[in-house]
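Asks:
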Ligand SMILES: Cc1cc2nc3c(=O)[nH]c(=O)nc-3n(C[C@H](O)[C@H](O)[C@H](O)COP(=O)(O)OP(=O)(O)OC[C@H]3O[C@@H](n4cnc5c(N)ncnc54)[C@H](O)[C@@H]3O)c2cc1C
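Residue numbers (our numbering): 2 to 301.
(1) Where does the unbroken alpha helix (DSSP H) through residue 72 begin, and where does it stop?
(2) Please give the ranges of any beta strand (DSSP E) in the stretch 232-295, keeping only runs that are unbroken, at least 3 residues long and fully inside the region.
(3) With DSSP run on the structure shown, which of helix, strand or coil describes residue 5?
(4) Excluding sequence positions up to five away, which residues of its chain have a Cβ less than 7 Å from the Cβ of residue 223?
(5) In the DSSP output, what is residue 217 paired with across the bridge?
(6) Report the three-state DSSP secondary structure of residue 18 (helix, strand or coil).
(7) What did DSSP end up calling residue 211 once you bin it into helix, strand or coil?
(8) Ligand 1 heavy atoms versus the CB of residue 59: any closer than 7 Å?
(9) To which residues of the same chain is residue 110 closer than 7 Å at the C-beta, ignoring the five residues directly before and after it?
(10) What would DSSP say about residue 53, mapped onto helix, strand or coil?
(11) Just to confirm, are residue 201 and residue 273 a CB contact at a threshold of 8 Å?
(12) For residue 35, does the three-state DSSP call read helix, strand or coil?
(13) For residue 101, write down the residues that DSSP places opposite it in a beta bridge.
(14) Shorter than 7 Å, the distance from the beta carbon of residue 267 to the closest heavy atom of ligand 1, or not?
(15) Among the residues of its own chain, which have a CB less than 6 Å from the CB of residue 55, if the five just before and after it don't count?
(16) Under 7 Å Cβ to Cβ from residue 82, same chain only, skipping five residues before and after it: list those, please.
(17) Around the C-beta of residue 19, are 16 or more other C-beta atoms found within 10 angstroms, so that it is buried, or is it exposed?
(18) Classify residue 165 as helix, strand or coil using the three-state DSSP reduction.
(19) For residue 132, does the three-state DSSP call read helix, strand or coil?
(20) Can you round the beta-carbon distance between residue 9 and residue 275 to whole angstroms, since I take them to be within the 8 Å contact cut?
(21) Is it true that the CB of residue 230 sits closer than 8 Å to the CB of residue 246?
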């Protein structure tokens with residue numbers, strides 16, 4: 002049985018970012034991934050001469066001011082990949098209108114107002130609020146901060162949106178369901194409809210494209226995930242692929258390790274689960290923690 006500082010379940014971008022940060026701080030993280038290649042939704046596959054991305058088509062935060070770019074720099078892998086800017090970020094086609102979403106937020110707001118003139122005040126107020134939330138979260142929840150207390154400086158917009166759905170946030174500012182549908186065009190990224198997705202992460206995701214641009218790596222997203230694995234290993238972290246975690250070992254409420262499909266066991270001081278919460282609580286922890294899988298969406 003091998004011991005690590007932190008075990009991370011899953012090598013999606015959340016797991017890779019966590020492991021990258023920990024490895025760059027001199028800790029020994031272990032990432033265990035069920036699939037034979039890393040990345041989760043940030044992965045690609047090849048058919049004949051073509052590379053297809055499995056899910057993600059563009060991301061933000063790849064530059065020095067974004068989370069992905071900052072962790073890549075800590076892992077010394079930031080110059081090993083070429084990012085291409087995506088513009089327009091997306092095109093949303095509705096039965097009676099067609100909308101290109103550009104990275105320039107003012108152009109986007111003007112375009113929305115031209116389609117929904119009676120909602121102009123609500124549109125402007127919504128984006129002012131969303132911009133404040135994005136900037137407050139990025140400046141105050143500084144993942145590189147040594148002093149954790151600074152991370153929880155409280156702001157009214159964040160408090161307001163902390164426990165409500167994205168649909169409720171939209172309804173506070175707008176009334177036309179067609180406008181609400183346009184402003185919800187990125188909810189599929191979260192895998193949930195606006196009535197179920199939490200407002201705060203949805204607003205962060207939407208605003209990140211306006212603040213930090215939209216990019217995709219030349220050669221497909223698998224390149225980015227593979228590069229993270231390389232960087233984590235170079236900094237002393239361990240990544241195991243193709244071995245599903247079947248059970249989290251815990252004692253008196255503390256996670257102590259995991260058991261894999263292969264029968265291998267690993268122990269740790271801390272554990273990060275980057276798989277979904279239902280699997281974490283009902284399947285991997287099980288028994289006395291399975292009820293926690295029923296937690297409401299907005300509290301995640
Ligand atoms: C169709 C689609 C398109 C999207 N497009 C975009 C986009 O363009 N831009 C954008 O920013 N976001 C997009 N998203 C959202 C984005 O893909 C996700 O938010 C993000 O990739 C989630 O990363 P994650 O690390 O949380 O989890 P995941 O990517 O789900 O990774 C979890 C990993 O954990 C592994 N795992 C699970 N259980 C175990 C276990 N027991 N043992 C070991 N390993 C395990 C899985 O195999 C997986 O690799 C899209 C999502 C979808 C579904």
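The beta-carbon is built from N, C-alpha and C at its ideal position, and this holds for glycine as well.
Replies: With the structure as the only source:
(1) As a first step, residue 72 is located in the chain shown; it is residue number 71 there, counting from the start. Run containing residue 72: 68-75, per the alpha helix (DSSP H) assignment.
(2) 239-241, 246-252, 255-261 and 266-274
(3) As a position in the chain shown, residue 5 is number 4, starting the count at 1. Correct three-state label for residue 5: strand.
(4) Looking up residue 223 in the chain shown gives position 222. Contacts found: 38, 40, 44 and 45.
(5) Here the question's residue 217 lines up with position 216 in the chain shown. Residue 217 is bridged to 85.
(6) Position 17 of the chain shown, counted from the first residue, corresponds to residue 18. DSSP places residue 18 in helix when its eight states are reduced to three.
(7) The residue labelled residue 211 in the question sits at position 210 within the chain shown. In the structure shown, residue 211 sits in a helix (DSSP, three-state: H, G or I).
(8) For the purposes of this step, residue 59 is taken as the residue at position 58 of the chain shown. Because some heavy atom of ligand 1 lies under 7 Å away, the Cβ of residue 59 counts as near it: yes.
(9) Position 109 of the chain shown, counted from the first residue, corresponds to residue 110. Excluding sequence neighbours, residue 110 sits near 124, 125 and 128.
(10) Taking the first residue of the chain shown as position 1, residue 53 is located at position 52. Residue state, collapsed to three classes: strand.
(11) Your numbering for residue 201 matches position 200 in the chain shown. Your numbering for residue 273 matches position 272 in the chain shown. Contact: no.
(12) As a working note, residue 35 is residue 34 in the chain shown. DSSP places residue 35 in coil when its eight states are reduced to three.
(13) Here residue 101 refers to the residue found at position 100 when the chain shown is read from its first residue. Answer by DSSP bridge pairing, in chain order: 92.
(14) By one-based count along the chain shown, residue 267 stands at place 266. Every heavy atom of ligand 1 is 7 Å or more from the Cβ of residue 267, so no.
(15) Reading the chain shown from its first residue, position 54 is the one you call residue 55. Around residue 55: 44.
(16) For the purposes of this step, residue 82 is taken as residue 81 along the chain shown, with counting starting at 1. Within the same chain, residue 82 has close Cβ partners 218, 224, 225 and 228.
(17) Translated into positions along the chain shown, residue 19 becomes position 18. With 16 or more Cβ atoms within 10 Å of its Cβ, residue 19 is classed as buried.
(18) By 1-based counting over the chain shown, the position of residue 165 is 164. If DSSP states are grouped into helix, strand and coil, residue 165 belongs with coil.
(19) As a working mapping, residue 132 is identified with position 131 in the chain shown. Helix at residue 132.
(20) The residue given as residue 9 occupies position 8 in the chain shown. The residue given as residue 275 occupies position 274 in the chain shown. With 8 Å as the limit, residue 9 and residue 275 qualify as a contact, their Cβ atoms being about 6 Å apart.
(21) Taking the first residue of the chain shown as position 1, residue 246 is located at position 245. Taking the first residue of the chain shown as position 1, residue 230 is located at position 229. Result no, Cβ atoms of residue 246 and residue 230 do not sit closer than 8 Å.
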